[in-house]
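Report on the structure given below.
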Amino acid sequence: MNKTLRNPWTYVLFLLPLLVLYIMFFVYPMISAFTTGFMKWNGLTEPHFNGLTNFKHAFNDDKFWQSVFNNGKFILFSVFVQVPIIIFFSLLISNVKKLRGLYKTAVFVPSVMSTAVIGILWSFIYEPDIGLFNLILTRIGLQPVMWLSDSHWAMFSILLTNAWQWTGFYIVMVLAAILSIPREIDEAAIVDGASAFKRATKITVPLIMPVISVVIMLSIAGAMKAADIIIVMTDGGPGGITDVMATYLIKYGITNAKYGYGNSIGVLIFLFSLILTALYQVLFARRVERVEY
Amino acid sequence: MTMTLRSMKKTAPHILLLGFLIVTLYPFIFVLFSSVKSDNQAIASNPFGFPSSFHFENYYEAWVNAKISVYFLNSLYISTLCSVATIIFASMGAFAITRMRYLKMSKGLYQFILIGLLIPGNALLLPIFIMLNKMEGVFGHPILGTHMALILPYTAGAIPFTVIILSAFMRSIPGEIEEAAVMDGLRAKGVFWKIIMPITVPALVTVFIINFIGNWNEFILANFFISTDELRTLPVGMVGFRDIYNTNYAQMSAGIVFSILPVMIIYAVLQKQIIEGLTAGGVKG
Amino acid sequence: MKKSVLVSSLSLVLATTTVLSTAGAATKTDTIVIRHTQLGEAKQQRLNILKDVLARVSKEVPGVKYKLDGVDSDVNRKEKLRSEMVVNKAPAIFDLFGGTDTQLYVEANRLLDLTPILKELGLSNKFISLDEFKVNGKVYGLPIGGYQEGYFYNKDYFKAHNLSVPKTLSELESLAATIKKDGKTPFAQASKAAWVPLMTANTLWSRYAGPDITNGFTTGKTKWNSTQMVAAFTKYQDWVKKGYFKQGELGLDYAEQRNQLIRGEAIMMYDGSWASSVFSDPKQAGSLTNKVGYFALPSVSGGKGSQTAVNGGFSNGYGFSSKVKNNKQQYAFVKSFIKNMYNDEMQIRGLEADGVLPSMKVSSSKLANAKVSGLVKEIIEVGNKASGAFPAFDSLVQPDVNTALSEGIQKLIAGKTTPKAMLDAVQKAQNAANSNEDF
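Chains as they are written, first to last, in this note's numbering: chain A, 4 to 296; chain B, 305 to 589; chain C, 3 to 441.
Listed below in structure tokens is the structure:
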């Protein structure tokens, strides 16, 4: 037994293709980003080492910090607005029998659309004059809102579209977990006379904590990487108010031909993600790890 | 009295859910309506309502004029190929990590791959670009500007996520099953192909569709790495289409429908397996 | 079986990948790729010209295969060409912008020096201005046409309301006030991309502070936050506050700007001459076809320097990869391309078909006989009356300064900053860029 699954050659053979690709497309580029992050380099002429200058510049740039805060808004919105909505609707769907298949399929639709297409689509909805939202607002006698151009609303509009895109995807995940809970647990609670609300909060939610934890983790990773939704909706505008770290990188690193600086921003994004994950592990994930059923 | 209360209880979730459904689907319905409207005028005068007449020729024109057919086929074969390749490599790796007896080593490797989830793709755009350019020396013919420039990074890019989901799934398979198989004289490869892989099918289907969606919609690399029109993928083609035909929203909407359709069909067909896969795999991770 | 399944499935995947991808290989080394930006209905004529030129070239230089590669102009300029330059993989012939772009690529030895070819073909003195493509006296690109910027306006509306073309800025402002009172938007605009509002701003500041001021920013001779600059942007802000631009225009794509004019909701639009062809095409302009006029941004009383200079230049054209030099056939192809593309015939064709202003000194008799729309005639007229032209700021200042100004103008439109504060920030970025900071 042990011998069969302890053959070093087999072990290496099974891991080799995976590791080769992983090293080529993750490790090597990351190392090269790390090294050029300490250089002044326009991508064309010879780079030269400039120590910590790139990082100092980033830390002294208000616009960089603004983009960091926008990533923060992304995370907070995902975790504290989106996740409760996901749980709520997953519970609802799991509680109905009729039409469940329809709900399950339909909520997934937005997540199969490409972000580029979604940007086109939502620009119709946010259009100032004939867009859906403003048609509704003026119909009920309210002032129209300049969704993408008003600095108070632009970030919110992006978060809303992003939430629309991904909520269904996560609902399907959470729903899968709820449906896998053995029926007997719930039935026993019904016999005990527990209300639906109580059953949801005291039994279902604790049992699906592992998947909620996965959803939160994926949301945070998604929020840290978000770029294309912003590029297609506002391109960071108006006036850079909706830039996140990734679009800041593209704007100052690639468009303005400061590749060394761009790579140092890439390194910072990676480090921030690492810190967040560590924090998350300490604060949240450890507690739910042991939940089993 | 009790009757109405009960029916209230039964219908209330449906009202909420239908509301949620409308919010979710409305933009999509808007595209469907727009795709059969005659022209911009018809869309602008009645942007969110039912079309007054049906113009299915928009679909034909989008398919032919806008080369949606070319983009579509490119995306289809690249997405399928990469999703399959990722799954094969990742499941082999996950098998070695979770089922073979090198636990310490495997744990380290798992953490090592996990970090990949945190690496921002956009930040690596340029290093990858430069590396693909250098690979010409290895392969003897250029990689950049060919589909290979997408196939390699797409296959590699999905590795961390896929390995994590598949490892979680394979870890939950009871050890007795493979012990029995080994007793029957199967070697490691046999255990992998004949025992573990069949059990893992639900998780495989799940990661397949998630990776497929990711590849199908990928924009930034496809935009940077491919420069010939016949080699473009659908998202890049769609954005080009928007830039070119920003005067023709009806055709653009027809193009959007083409871009969503295949993934919808795959999802509808494989829905059950996806749910199973998510339940068994990702959930317990 | 077990082993063979694994091995064969793997090799199958790899084999398909390789076969499929090599089958799709884009560029064989002996094929010349021509990167153009003539996409879409509006540029169909320009694409036809390019195709005709290439047909002639391949007759003159047989045996060289070529391939057209169309990419959106902005994508090509900011992402595609830029990244191709990094790995030295630019196509042989490509759409190129003069100014900072050209300088950067010349510095890295990526562009073909065209000076000897121009001499050989006798074209050295044929261009109106090659300044934007010149580095150290050598020519690295050839402008395909010229442009200038000014106000397009709805002629029927002006007639119906007894309005006339303004001669001074205050006349323009009273026009705007009248239009606003009538419930229309005076100026069409769509500022999701900041270069759109900056067209107006660029000319406005050149009226207030003189057309030459922009040249001095990089040397430190002039300052963004000088009094006249602040006055210009205060005027701009004043127009925003009075609602002379469409509300919510910060979220709209550039194409929306002309639609505002075409739909009749806006009456005037500040744009480049490249937009003129739209207004002679009934499919695009609808009922506004051939009913659009053109005038320059009028003079400012008390303004500095020439008050009739127009924002115009010759900044967009073709550049060629320095690698071409090593391949005789490709070099011959490029030479023939230049010969067939840059001549009176093609310049007139571009003008007639698309309203592209000539970049070469076309004989005046030929020019007079060209069949052009009334609008194009008006544009040429404005150009002829102008005392001179000044290039757009973005070909003169560093990218970081452009970014700072772009964000600044959008914040100004959004009411999030004051002209003074905004220009102080731009000057700060300018100082940093000038000091050649080490990052």
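All C-beta atoms, glycine included, are put in the ideal place defined by N, C-alpha and C.
Cα atoms of N137/A and K182/C: separation of roughly 22 Å, rounded to the nearest angstrom. For T164/A, the enclosing alpha helix (DSSP H) stretches over residues 157-182. Residue contact with chain C for D231/A: absent (no Cβ-Cβ distance below 8 Å to any residue of chain C).
F189/C sits close to Y272/C, with the two beta carbons spaced by under 8 Å. Closer than 8 Å to the CB of L252/C there is at least one CB belonging to chain A. Under the 8 Å criterion on CB atoms, M149/A is classed as interfacial with respect to chain C. Exclusion of the five residues before and after I264/C leaves A287, G288, L290 as the residues of its chain whose Cβ lies within less than 7 Å of its Cβ. Distance from the CA of Y210/C to the CA of K43/A, rounded to the nearest whole angstrom, comes to 38 Å. In the structure shown, D71/C falls within a strand segment according to DSSP collapsed to helix, strand and coil.
Straight through space, the alpha carbons of L325/B and P393/C are spaced by roughly 53 Å.
Across the set G304/C, A423/C, Q249/C, the C-alpha of Q249/C shows the shortest separation from the C-alpha of Y129/A.
Shown here, L151/A sits in coil according to DSSP, grouped into three states, outside any helix or strand.
Three or more beta-carbon pairs separated by less than 8 Å are not found between the segment 470-490 of chain B and the segment 553-569 of chain B, which leaves the two stretches without contact.
Look at the beta carbons and you see the segment 48-60 of chain C touching the segment 326-341 of chain C: at least three pairs across the two are nearer than 8 Å. Per DSSP, reduced to three states, the secondary structure at A203/A is helical.
Annotated as proximal: G148/C and I130/C, with beta-carbon spacing under 8 Å.
Comparing alpha-carbon positions, the option among F111/A, L79/A, G75/A lying closest to F92/A turns out to be F111/A. For P118/C and W156/A, the gap between their C-alpha atoms comes out near 56 Å. When only Cα atoms are considered, L105/A and L322/B end up about 10 Å apart. Excluding its 5 nearest sequence neighbours in each direction, R351/C has C-beta neighbours in its own chain below 6 Å: I51, listed in chain order. In the three-state scheme derived from DSSP, where H, G and I count as helix and E and B as strand, A391/C is classed as strand. The alpha-carbon separation between V326/C and Y68/C amounts to approximately 14 Å. The C-beta separation of V486/B from T7/A comes to about 5 Å, placing the pair in contact by the 8 Å criterion. The segment 505-519 of chain B makes no contact with the segment 354-374 of chain B, as fewer than three CB pairs between them are under 8 Å. Ranking T141/A, K228/A, I278/A by CA distance to the CA of P424/B puts K228/A first.
Using a Cβ-Cβ cut-off of 7 Å, K43/A is close to D440, F441 of chain C, given in chain order. Exclusion of the five residues before and after K314/B leaves no residue of its chain whose Cβ lies closer than 7 Å to its Cβ. In the displayed model, P188/C falls within a strand according to three-state DSSP. Within the same chain, and ignoring the five residues on either side of E440/B in sequence, the residues whose Cβ sits closer than 8 Å to its Cβ are P446, I447, L448. If you compare the alpha carbons of G245/C, L206/C, G295/C with that of Y159/C, the shortest gap goes to G295/C.
Distance check between A162/C and each of D184/C, F154/C, G152/C places D184/C closest, using alpha-carbon atoms only.
Not a single C-beta of chain C is nearer than 8 Å to the C-beta of I401/B. Residue pairing by DSSP puts S301/C in a beta bridge opposite T170/C. Bounds of the beta strand (DSSP E) holding Q150/C are 149-156. Among the residues facing chain B, G357/C is not included, as its CB has no counterpart in that chain under 8 Å away. Exposed is the label assigned to G245/C, since fewer than 16 other Cβ atoms lie within 10 Å of its Cβ.
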